[in-house]
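In this note's numbering, the protein residues as written are 1 to 271. Note that CB positions come from ideal geometry on N, CA and C, so glycine has one too. Note that the coordinates shown come from a computational prediction; the quantities given were computed from them, not determined experimentally.
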DNA sequence: AAGCTTTCCTGAACGC
DNA sequence: TGCGTTCAGGAAAGCT
């Protein structure tokens with residue numbers, strides 16, 4: 001499931017593959033994957049890809065000065081670059097959209113569970129405010145003071161807060177668990193109860209875990225694949241997600257549910 | 001208003 | 001074997 005490191009991995013690879021390419025046609029295979037296309041004339045959604053940015057888990061492709069393509073992969077969305085229509089060489093069983101380039105190659109949007117979304121925005125729209133996206137977890141302005149301000153007067157459990165994209169953007173269920181394990185903080189603590197030391201450890205662990213995961217091209221647990229269909233490598237570094245035994249103290253890892261999501265944590269290391 | 005719950009969807013894994 | 005049930009998850013809408 002793509003979180004910040006996976007989306008950043010995809011972004012970097014897309015920059016290499018498709019910057020400067022001319023989108024000549026967008027082929028829609030599943031209507032609901034392309035949220036607001038009925039507001040546009042598809043034949044006019046053409047032009048050069050000039051820039052690709054990431055905001056939290058969102059990808060934004062700038063096309064000329066005219067419009068932006070906003071992409072969210074949710075759980076099973078993939079972007080696969082296919083040189084010269086070599087679609088058969090990739091495991092693309094659930095293609096929802098095809099971006100065709102003038103050069104004959106294309107970008108496939110493949111998504112088993114169809115939660116992923118592609119959306120068109122005019123260039124003057126600010127996506128961060130439109131989608132109410134919080135500060136990016138790897139933004140250098142995300143620091144102790146910022147986290148303390150975010151946590152002030154809130155009773156939410158820290159694990160649930162880390163998943164709230166409106167407050168901090170980019171952290172999903174795998175990395176929230178890894179960050180709290182690394183910071184030795186219980187996922188159950190209400191954020192207004194966190195000490196300054198704990199808040200500082202959470203910030204340090206967030207930077208450490210996410211940047212390491214970016215370095216290793218993300219985590220491929222089940223669905224995540226890179227633009228060239230390769231897997232990431234960070235799954236080899238996971239400490240607590242999907243684990244039975246704590247790698248530090250050998251205690252049994254507890255599995256609980258918070259806000260409808262599963263959480264693994266070590267009750268001995270994470271107090 | 002903050003913080004819950006529900007909805008969307010499919011394939012894998014499970015139980016009988 | 002094969003059927004039915006459960007689970008997984010991000011974000012937004014609908015609740016309280």
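Is DSSP giving residue i helix, strand or coil here?
| i | result |
| --- | --- |
| residue 114 | coil |
| residue 140 | coil |
| residue 175 | helix |
| residue 248 | coil |
| residue 10 | helix |
| residue 46 | coil |
By the 10 Å Cβ neighbour count, where 16 or more other Cβ atoms means buried, how is residue i classified, buried or exposed?
| i | result |
| --- | --- |
| residue 61 | buried |
| residue 206 | buried |
| residue 247 | exposed |
May I have the straight-line CA-CA distance separating residue i from residue j, to the nearest angstrom?
| i | j | result |
| --- | --- | --- |
| residue 151 | residue 115 | 30 Å |
| residue 48 | residue 22 | 4 Å |
| residue 106 | residue 123 | 23 Å |
| residue 149 | residue 19 | 38 Å |
| residue 98 | residue 27 | 5 Å |
| residue 59 | residue 136 | 13 Å |
| residue 119 | residue 208 | 32 Å |
| residue 128 | residue 166 | 10 Å |
| residue 273 | residue 64 | Given a span of 1 to 271 for the chain in the structure shown, any question on residue 273 remains unanswerable. |
| residue 219 | residue 234 | 5 Å |
Compare the C-alpha of residue i against each of the options and name the closest.
| i | options | result |
| --- | --- | --- |
| residue 80 | 31, 230, 143 | 230 |
| residue 244 | 237, 236, 266 | 266 |
| residue 288 | 246, 180, 233, 55 | For residue 288 there is no data in the structure shown, the boundaries of the chain being 1 and 271. |
| residue 187 | 241, 139, 235 | 241 |
| residue 192 | 220, 77, 159 | 159 |
| residue 5 | 216, 259, 260 | 216 |
| residue 280 | 33, 101, 53 | Within the shown structure, residues of the chain are numbered from 1 to 271, placing residue 280 beyond reach of any answer. |
| residue 46 | 68, 143, 211 | 68 |
(message) Just to confirm the assignment: which complete beta strand (DSSP E) runs, minimum length 3, are found wholly within the stretch 55–80?
(response) Taking 3 residues as the minimum length, the beta strand (DSSP E) runs contained wholly in the stretch 55–80 are 58–63, 67–72, in order along the chain.
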